[in-house]
Amino acid sequence: MGPVLAGVLQLLALIAALALAYRPLGDYMAKVYSSDKHLRVEKWIYKGIGANPNTEMRWPAYLRGVLAFSAVSVLFLYLLQRFQGSLPGSLGFSSIDPDQAFNTAASFVSNTNWQSYYGEQAMGHVVQTGGLAVQNFLSASVGIAVAVALVRGFARSRTGELGNFWSDLVRGTVRILLPISVIAAIVLVACGAIQNFSGIHEVGQFTGGSQQWNGGAVASQEAIKELGTNGGGYFNANSAHPFENPNAFSNLFEIFLILLIPFALTRTFGRMVGSLRQGYAILATMVTIWIGFTALMMWTEFAHHGPAFDIAGGAMEGKETRFGVGASSIFAVATTLTSTGAVDSFHSSFTGLGGGITMLGMQLGEIAPGGTGSGLYGMLIMAIIAVFIAGLMVGRTPEYLGKKIGTREIKFAACYILITPALVLVFTAAAMALPTPGNSMTNSGAHGFSEILYAYTSASNNNGSAFAGLNADTQWFNSTLGLAMLLGRFLPMVFVLALAGSLAEQKPVPATAGTLRTEKPLFTGLLVGAILIITGLTYFPALALGPLAEGLAS
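Numbering (my numbering), first residue to last: 10 to 563.
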């Protein structure tokens, strides 16, 4: 079997698995967030945190819950790292420096999981399991909660109430993320991923010294890392490390976990707004972009030039031989079109155009299918923009799901889509203009610029992957990337929740002959076009200086 055929078959198997899980998981999540009953363990949690899960919240109260909980999470994780040297189970590692502790705390709480450290050489068992793994659950649950609040904004009328943040947070963690992660961890252990609390071992003698490895609760963290579209690896090599991702099956299974919830949430959306066809339209948009990017990535990486590439079957530099070009391409697209950031290959070693595809996937807003929750609400914002554009074309007030998209709603949507590009481009320009940040670039020219552009694209979009040739463990990058992660995560949530509150207050507008049918393929095409055009106009000059210049020169 040739490598191209193997890659295509893996893609088809992945699509089949996602299709089988789509309906049951989507319906289950809709029931979870629509139920008025609480499990006993949930009641214990509410009592412990002093929350009343039955109190409905308007959008300012819901937002305060999101921000307060996330602020406490950042502080807790920061302090846990700063006191690591005094904690049991630290494996002898010292406390983390202030700038790196801030960067890591901001990273994991914002669902970015950017890492400027070597995991196996910096973090002990307590920080890994009690800090980082816990935030993998909670940050993902926060994202789903905000998406559900926006869906309620479309589904409800004549009320500004969006549900209860604490109830949504706890249910997402207890009823969705935790049970699926337990099953996924068992599968990964069966595949060969490690799960222990072992200390540091010498594994061999080599010229000039020996090599050391430490164990850890890797399989359990790997499960939620992928399921929650988090991405932070237990080891520096991330999902390219055999302890995290042992073989071809585990690799495909991890891609499945990355895409599972973001795709299934479109059915949850359709079920909660009372129109499954609306959910299918959003799903079709996501799938069109995802398959298109995957096909383009596989083409660029298989379009080899020269005898070395001919022998290897494609651009194998930076890729694991146990996965190959096809699986690595599928993983790279999945992780950058979502907010995951996990990697099973070295993105900096992809072809020039291949590296550009990973960047463009993040710059779309990670909405195809996007992160857990963030992908759905990002796509719904783009749907509102597309409806507004269609309304301008035909000269009538735009409507979406029976709600008028007026001046207030379009301002919220516009602010949402402008925040992230502003962060990416401003921080990239500052890093290139100042003398010190440029010293962190391993490469010069177009590829060196791509390293910095990728870093701020990844941080601002809460992805977490990197062109790892960049030395990001400096005060400048730890501080500015941490700031970009927090602003890129929570500022958009402000406008999402404000938009949800505005929509929930409206009276539904009955459909007429002039209403744009947003469940039809025509709207899917319009939405795909709007996404690509808006992203292209925003980022094309920057991409032309980096990956496009490198790709055309090679």
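The C-beta atom is built at its ideal place from N, Cα and C for all residues, glycine as well.
Cutting at 7 angstroms between CB atoms, please list the residues of its own chain near T445, excluding the five before and the five after it. W485
Any beta strand (DSSP E) of 3 or more consecutive residues that is wholly inside the stretch 200-253: 209-215, 218-223
Please name the residue in N480, S459, I419, N472 whose C-alpha comes closest to that of N448. N480
Reference L72, options R498, A562, G538, closest by Cα: R498
Can you give, in chain order, each stretch of the alpha helix (DSSP H) that sits fully within the stretch 273-340 and has at least 4 residues? 285-311, 316-321
Length of the line joining the Cα atoms of W222 and A110: 23 angstroms
If you drop the 5 nearest sequence neighbours on each side, which residues of the same chain put their C-beta closer than 6 angstroms to that of I291? T275, M388
Write down the C-beta distance between A464 and A475 rounded to the nearest angstrom, noting that I regard them as a contact closer than 8 angstroms. 6 angstroms
Got a sec? Which residues, its chain only, sit under 8 angstroms from N487 by beta carbon, not counting five neighbours each side? D108, Q109, F111, N112, S125, A481
On a Cα-Cα basis, can you pick out the residue from I298, F332, A246 that is closest to F262? F332
Can you tell me whether DSSP reads R67 as helix, strand or coil? strand
Nearest neighbour of A164, chosen from S357, L508, V537 [CA to CA]: L508
Quick check: the stretch 345-361 against the stretch 39-46, are at least 3 beta-carbon pairs closer than 8 angstroms? no
Compare the beta carbon distance of V537 and I300 with 8 angstroms and say whether it is the shorter of the two. no
Interface flag, H250 vs chain B, CB-CB below 8 angstroms: No chain B appears in this structure, which consists of one protein chain only.
Could you compute how far the alpha carbon of N120 sits from the alpha carbon of G560? 31 angstroms
Just mark L552 as buried or exposed, buried being the case when its beta carbon has 16 or more other beta carbons within 10 Å. buried
Taking DSSP as the reference, what is the three-state secondary structure of E170? strand
Tell me whether K564 sits in a helix, a strand or coil according to DSSP, three-state version. The question about residue 564 has no answer here: the residues shown for the chain are numbered 10 through 563.
Just list the residues that DSSP pairs S354 with in beta bridges. K328
Does K413 come out as helix, strand or coil in the three-state DSSP assignment? strand
C-alpha gap between G363 and L20, whole angstroms: 18 angstroms
Taking buried to mean at least 16 other C-beta atoms within 10 Å of its own C-beta, is W123 buried or exposed? buried
Cut-off 8 angstroms between Cβ atoms - residues of its own chain near L27, not counting five sequence neighbours on either side: F265, L268, L269, F272
Report, in whole angstroms, the separation of the C-beta atoms of T547 and P430, which I expect to be a contact under 8 angstroms. 5 angstroms
DSSP-derived helix/strand/coil call for E408: strand
I need the boundaries of the alpha helix (DSSP H) containing L100, first residue and last residue. Segment: none, L100 is in no alpha helix (DSSP H) and carries neither H nor E.
Classify L373 as helix, strand or coil using the three-state DSSP reduction. coil
Using a Cβ-Cβ cutoff of less than 7 angstroms, which residues in the same chain neighbour V227 once the five nearest sequence positions on both sides are dropped? A202, I203, Q204, Y243, F252, E253
Please state whether the Cβ-Cβ distance between S607 and F92 is less than 8 angstroms. Outside the displayed range of the chain (10 to 563) lies residue 607, so it cannot be described from this structure.
Taking H47 as part of the alpha helix (DSSP H), name the residues at either end of that continuous run. Taken as a continuous stretch (DSSP letters only), H47 belongs to no alpha helix (DSSP H), as it is neither H nor E.
Selection from F146, D106, R180, A154 that minimises the alpha carbon distance to A131: D106
Applying the 10 Å Cβ sphere with the 16-neighbour rule, what's the burial state of G241? buried
Nearest CA to the CA of K516: which residue from P556, T533, I414, L369? I414
Could you compute how far the alpha carbon of A194 sits from the alpha carbon of A539? 39 angstroms
Beta-carbon spacing of F146, G74 below 8 angstroms: no
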